[in-house]
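Encoded as structure tokens, the structure appears first; notes follow it.
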Amino acid sequence: HKMSASYFGGEVRYTKRYRLGQLLGGLTRHFLLMSATPHNGKEEDFQLFLALLDGDRFEGKFRDGVHVCDPSDLMRRLTKEHLLKFDGTPLFPERIANTVTYSLSDLEAELYKDVTGYVREEFNRADKLDKDFRSTIGFALTTLQRRLASSPEAIYQSLRRRRERLEGRLREEKLLKRGAEVRIEAERDLPTFSDEDLDELEDAPDAEVEAVEEKVVDRATAARTIAELDAEITILKGLEDLAIQVRRSGTDRKWDELSKLLQNKAEMFDAHGHRRKLILFTEHRDTLNYLAERIRTLLGVPEAVVTIHGGMGREERQKAQNAFTQDVAVQVLLATDAAGEGVNLQRAHLMVNYDLPWNPNRIEQRFGRIHRIGQTEVCHLWNLVAAETREGEVYQRLLEKLEQEREALGGQVFDVLGKVTFDNRPLRDLILEAIRYGDRPEVRARLNQVVDRALDRQHLRALLEERALARDAMDARKVQQIREDMERAEARRLQPHFIAAFFCEAFALLGGSLKGREPRRFEITHVPAVIRNRDRQIGIGRPVLTRYERITFDKELISVPGKPLAEFVCPGNPLLDSTIDIVLERHRDLLKRGAVLVDPADAVEDVRVLFYLEHSIQDGRTDRSGARRVVSRRLQFVEIDSTGVARPAGSAPYLDYRPATEEERRLVGPHLEQPWLSEGLQEKVLTFAVASLVPGHLDEVRKCKEEQIVKTLAAVKERLTKEINHWDHRAQTLRTQEQAGKENSRINSAKARQRADELEARLQKRLTELKQERRLSPQPPVLIGGALVVPAGLLERLGGQRTEAPDAFARETARVERIAMQVVLDAERRLGHQPRDVSAVKCGYDVESSVVGGGRLRLIEVKGRVEGAKTVTVTKNEILVGLNKPDDFILAIVEVNSNGKGVPKYVRCPFQREPDFGVTSVNYDLSELLARGAPPS
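Note that the working numbering gives residue 1565 to position 300 of the sequence shown, counting from 1, and the numbers run on in steps of one.
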């Protein structure tokens, strides 16, 4: 990677991106680095990289036997091909690269030979110039050669622009000077290129590369007299004429091969004969425009092709990317490397490299646009190579060797492409050597040997092992703990059904509509303007589109084989965020005004109040305004009854309640005027929250932070103390030498002492910061809203629908439920599982049962019914948890007889669809559920 630093002797050399990382690390609160190659095999360089995350823990050059390194709390390291899902299946599909070779036509071969001869001759003349200007001319000629290999259009336009620019230079020189042999000065505003600059440019943004190329390629020349410049222009005119002939001939063998791929390759079409989406990469804008026109003509549908290149603004590129992923009519994305890195394009699984980059790492970066998490299809790549060209011969050898090793090592070979060097030289140097000297048999043989050595199987295995040096591991207990935490979080997560219910209602309220397509996937043919215009007002990076071919609220349904890729509507998505912002703007006051809700599952008659509280935990650090830094914030719910007893209400109690009707509000009107409702409820709820909720929140955060801080504290003290001791000793040694008259030219004792003092100050400063970070304290809970909750039992009595005493009914219901719970807990233990009663938490299920050895967490909702009952009532919250975790949710039904005994029946996947927005509970036919049930297993 380019965000690196390396030791050269006692000196550290930093890349510009490393300096950027240092700057960002000092400014940001959250700093995440993602690299495919964090470790280059040198421990000291690896620790320099880790110093971006914590400079104190990795201060100074690594010294074996002195320093230890345990970065497991700072990084996660896994290779793509080894990533597995929890069920053990590969996370990524297979990827296959194919080489398509072709021969140039006679006219194309003549153009190639003449332009390559021109490039070779100009390189030879540039060798006589000073080093800085030689690098500039070399860059210009290299770019010209790459455009020659790209397309007839690219080389023609490049030759024309270069000839026109040099003709302008010639006219200027003739006006200023006399005589053909008078020397002309090199243009001084052209950039020069070191090897590091060229490496940086390889990974620079596409627009930046294009700007540098356009500035250099048409102006840099080795001509040093008017006569030499005039002669070069004459050569360029001849080359331009030949390029025009190639254009007019209509012969383009490279295009012919692409056309065959598009029309004849079976992989290009699905089982129904419909064309699959394809991404095609080129290196040059002229070629991109040329291909766009030809592919549109071939397909007969102009809108079937979209383009992305460095000259487009970010928003314009985003729209093209979204059109490709969302619009069924768009079949081909033509792109330069503006879309080659950091962009998700797994809507497609087919890719063509029309131009091969001179940096092999670019192949992996491009391939990685489709070979991503969420891809379900085998990924295919076709590389087009002109077999009879100098650069084509090098690449053909490389790709053939790569394919041989892929068969032995699998797709892992792509993971190390960026690390492969060719006798410690980049690939571009080999290609340039082939262009300049490839007519010599001994040079061609040597280049083949270099490629073979670079891709030798043992060498590739060593690179893979080198990458594994930074791999961490988690024991089975830790994996199990993380898995259970993830399953609990998934059961309580906002998406998909909570968000789907809200979005469908809110979207309709704002004038939009969704059309159902595949199960739980929708199409939006028109997004209302009020939503489309909101994204810019609230500063969302991605635009809201006019239409969406597919959206989904389920992340596992983003990719469905044979169907369009869906937009994942979740928090952070511009469509959802814009909708939320408008709804809050129009209706935010309703939260504080409160509401009257009905609990349809409550048979008693006591009205209660539901309060919403926000609670935060802070540490001892302060932000720029002087306020303490918040490290955790959560929304909590508390209910309080007429006796003043408060209790936690669960994570989302409102989902099981419904709004009261006008008639119901009239019936309970007198009950809403009871004195206790105005007797300091807020203070009671806050007192309860401080005593019962805040300590649990604080303990949870402290447990999470304490282990991390303790480890960091120990590592910082050990590293900085050793560095202080090192520089103390160094200062004493230098002082002794200076007293003996031996001066050190690089460092003296005063500087060494200063360094030790600086490190001591840094240690004290960091220890103070960690002490402040460890000083966690709760902020007072804040009430943000509330609602009156009316039990259905009260409404039934007031409406004359029930005459039975509520207390007797409630006692009998509680007895039956208690028996059912015990029956299910016993059944789980007999199966060898570890059940736990979580009914008091009100999380949408009653029992968490850990499967010993299997890793899964069973979420069981227990329903106890007296023998002979006809229906069973399930709340909306329980249904949504069941739909969120269909593979792990069990509805356990226990019919309790008159003797207080019962036999459990387990119903798996009991719910087929989420309830409508206004529904709070659903009555199911008990006999139908029992018929679907089975004994516990």
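Even for Gly, the Cβ is constructed at its ideal location relative to N, Cα and C.
If you compare alpha carbons, which of Asp1506, Glu1548, Leu1289 is closest to Ser1416? Residue mapping note: residue 1416 aligns to position 151 of the sequence shown, counting from 1. If we check each option's Cα against that of Ser1416, Glu1548 comes out closest.
Strictly by DSSP, which residues pair up with Leu1545? The count along the sequence shown starts at 1 and reaches residue 1545 at position 280. Note: Leu1545 sits in a beta bridge opposite Leu1599, Val1617.
Reducing DSSP to helix, strand and coil, say where Thr2138 ends up. If you number the sequence shown from 1, residue 2138 lands on position 873. Three-state result, Thr2138: strand.
Where Arg1278 and Asp1319 are concerned, what is the direct C-alpha to C-alpha distance, given to the nearest angstrom? On the sequence shown, residue 1278 is found 13 positions in, with the first residue counted as 1. On the sequence shown, residue 1319 is found 54 positions in, with the first residue counted as 1. Taking the straight line joining both Cα atoms gives about 18 Å.
Using only the alpha-carbon positions, how far apart do Ile1764 and Leu1563 sit? Taking the first residue of the sequence shown as 1, we reach residue 1764 at position 499. Taking the first residue of the sequence shown as 1, we reach residue 1563 at position 298. For the pair Ile1764 and Leu1563, the Cα-to-Cα distance works out to about 43 Å.
Residue span of the alpha helix (DSSP H) that contains Glu2160, given as start and end: To locate residue 2160, count along the sequence shown from 1; it is residue 895. Segment 2154 to 2161 is the beta strand (DSSP E) holding Glu2160; no alpha helix (DSSP H) there.
DSSP three-state call for Cys1969: helix, strand or coil? Translated into the one-based positions of the sequence shown, residue 1969 becomes position 704. Here Cys1969 sits in helix by DSSP.
Bounding residues of the alpha helix (DSSP H) (the contiguous stretch that carries Tyr1383): In the sequence shown, residue 1383 corresponds to position 118, counting from 1. Residues 1371 to 1391.
Using 8 Å as the Cβ pair cut-off and three pairs as the minimum, do the stretch 1366 to 1379 and the stretch 1425 to 1443 touch? no
What's the call for Ala2199, buried or exposed, on a 16-neighbour Cβ count within 10 Å? In the sequence shown, residue 2199 corresponds to position 934, counting from 1. Under this definition Ala2199 is an exposed residue.
Taking the continuous alpha helix (DSSP H) assigned at Gly1433, which residues delimit it? For this step, residue 1433 is matched to residue 168 along the sequence shown. That run of the alpha helix (DSSP H) goes 1417 to 1441.
Quick one: is the Cβ of Glu2034 within less than 7 Å of any heavy atom of the ligand COA? Inclusion of the ligand COA in the displayed structure is not the case, the ligand content being empty and no account of it being possible.
Chain-order list of residues whose beta-carbon lies under 6 Å from that of Arg2197 (same chain, five-residue window excluded): Indexing the sequence shown from 1 puts residue 2197 at position 932. These residues qualify, in order along the chain: Val2172.
Cα-Cα separation between Ala1585 and Ile1816, rounded to whole angstroms: Counting from 1 along the sequence shown, the entry for residue 1585 is found at position 320. Counting from 1 along the sequence shown, the entry for residue 1816 is found at position 551. Near 18 Å, if we compare the C-alpha coordinates of Ile1816 and Ala1585.
Pick helix, strand or coil for Leu1942, following the three-state DSSP scheme. Mapped onto the sequence shown, residue 1942 falls at position 677. Three-state DSSP puts Leu1942 in a helix.
Pairing CB atoms from the stretch 1472 to 1479 with CB atoms from the stretch 1375 to 1393, are three or more of them under 8 Å? No, the stretch 1472 to 1479 is not in contact with the stretch 1375 to 1393.
What three-state label does DSSP hand Asp1737 in the structure shown? Your numbering for residue 1737 matches position 472 in the sequence shown. Low confidence applies here, because Asp1737 scores a pLDDT of 47, under 50, leaving its location unreliable; read the following figure in that light. Looking at Asp1737 - three-state DSSP - the assignment turns out to be coil, as it is neither helix nor strand.
How many angstroms separate the CA atom of Gly1776 from the CA atom of Asp2152? Numbered from 1 along the sequence shown, position 511 holds the residue referred to as residue 1776. Numbered from 1 along the sequence shown, position 887 holds the residue referred to as residue 2152. Near 36 Å, if we compare the C-alpha coordinates of Asp2152 and Gly1776.
Please report the distance separating the alpha-carbon of Ala2005 from that of Asp1335. The residue you call residue 2005 lines up with position 740 of the sequence shown. The residue you call residue 1335 lines up with position 70 of the sequence shown. Roughly 42 Å separates the two Cα atoms.
Range covered by the beta strand (DSSP E) that runs through Gln1901: Against the sequence shown, residue 1901 aligns to sequence position 636. Looking at the DSSP string, the run of the beta strand (DSSP E) that includes Gln1901 is 1893 to 1905.
Taking the alpha carbon of Leu1556 as the reference point, which residue from Phe1534, Ser1524, Thr2138 has its own alpha carbon closest? Position 291 of the sequence shown holds residue 1556. Checked all of Phe1534, Ser1524, Thr2138; the closest Cα to Leu1556 is Ser1524.
Sorted by chain position, which residues of the same chain lie with C-beta nearer than 6 Å to Ala1487's C-beta, five sequence neighbours on each side aside? Locating residue 1487 in the sequence shown gives position 222, where the first residue counts as 1. Apart from the 5 residues on each side of it in sequence, Ala1487 sits with its Cβ closer than 6 Å to the Cβ of Glu1387, Arg1390, Ala1391, Ile1402 in its chain, given in chain order.
Among Pro2046, Ile2144, Arg1341, which one has its Cα closest to the Cα of Arg1899? Reading the sequence shown from its first residue, position 634 is the one you call residue 1899. The shortest C-alpha separation from Arg1899 is found at Pro2046.
Could you check where the alpha helix (DSSP H) with Lys2170 kicks off and where it finishes? Numbered from its first residue, the sequence shown carries residue 2170 at position 905. It is not in any alpha helix (DSSP H) - Lys2170 instead sits in the beta strand (DSSP E) that spans 2167 to 2173.
Minimum length 4: unbroken alpha helix (DSSP H) runs contained in the stretch 1799 to 1846: 1799 to 1802
Within the chosen definition, does the stretch 2079 to 2096 reach the stretch 2111 to 2127 through at least 3 CB pairs nearer than 8 Å? Because the criterion of three Cβ pairs below 8 Å is met, the stretch 2079 to 2096 and the stretch 2111 to 2127 touch.
Among the candidates Val2089, Glu1418, Val1955, whose CA atom is the shortest distance from the CA of Arg1513? Looking up residue 1513 in the sequence shown gives position 248. Ranking Val2089, Glu1418, Val1955 by Cα distance to Arg1513 puts Glu1418 first.
Mind reading off the beta-carbon distance from Leu1435 to Ile1498? Whole number of angstroms is fine, and I expect it under 8 Å. For the purposes of this step, residue 1435 is taken as the residue at position 170 of the sequence shown. For the purposes of this step, residue 1498 is taken as the residue at position 233 of the sequence shown. Yes, Leu1435 and Ile1498 are in contact; Cβ-Cβ is about 6 Å, under 8 Å.
Unbroken stretches of the alpha helix (DSSP H), 4 residues or longer, contained in the stretch 1515 to 1561: 1518 to 1529
Classify Arg1786 as helix, strand or coil using the three-state DSSP reduction. Reading the sequence shown from its first residue, position 521 is the one you call residue 1786. Note: Arg1786 maps to strand in three-state DSSP.
According to DSSP, is Cys1769 helix, strand or coil? Here the question's residue 1769 lines up with position 504 in the sequence shown. Helix.
Is DSSP giving Pro1567 helix, strand or coil here? If you number the sequence shown from 1, residue 1567 lands on position 302. Three-state result, Pro1567: helix.
State yes or no: is the C-beta of Ser1269 within less than 8 Å of the C-beta of Phe1327? In the sequence shown, counting from the first residue as 1, residue 1269 sits at position 4. In the sequence shown, counting from the first residue as 1, residue 1327 sits at position 62. No. Outside cutoff.
Here's the rule: buried if 16 or more other CB atoms are within 10 angstroms of the residue's CB, otherwise exposed. What is Glu1568? Within the sequence shown, residue 1568 is the residue found at index 303, counting from 1. Flag for Glu1568 reads exposed.
The beta strand (DSSP E) enclosing Ala2052, as first and last residue numbers: The count along the sequence shown starts at 1 and reaches residue 2052 at position 787. Its beta strand (DSSP E) spans residues 2047 to 2056.
Should Ile1635 go down as buried or exposed, given a rule of 16 or more other Cβ atoms within 10 Å for buried? As a position in the sequence shown, residue 1635 is number 370, starting the count at 1. Classification of Ile1635: buried, given that the 10 Å Cβ count is 16 or more.
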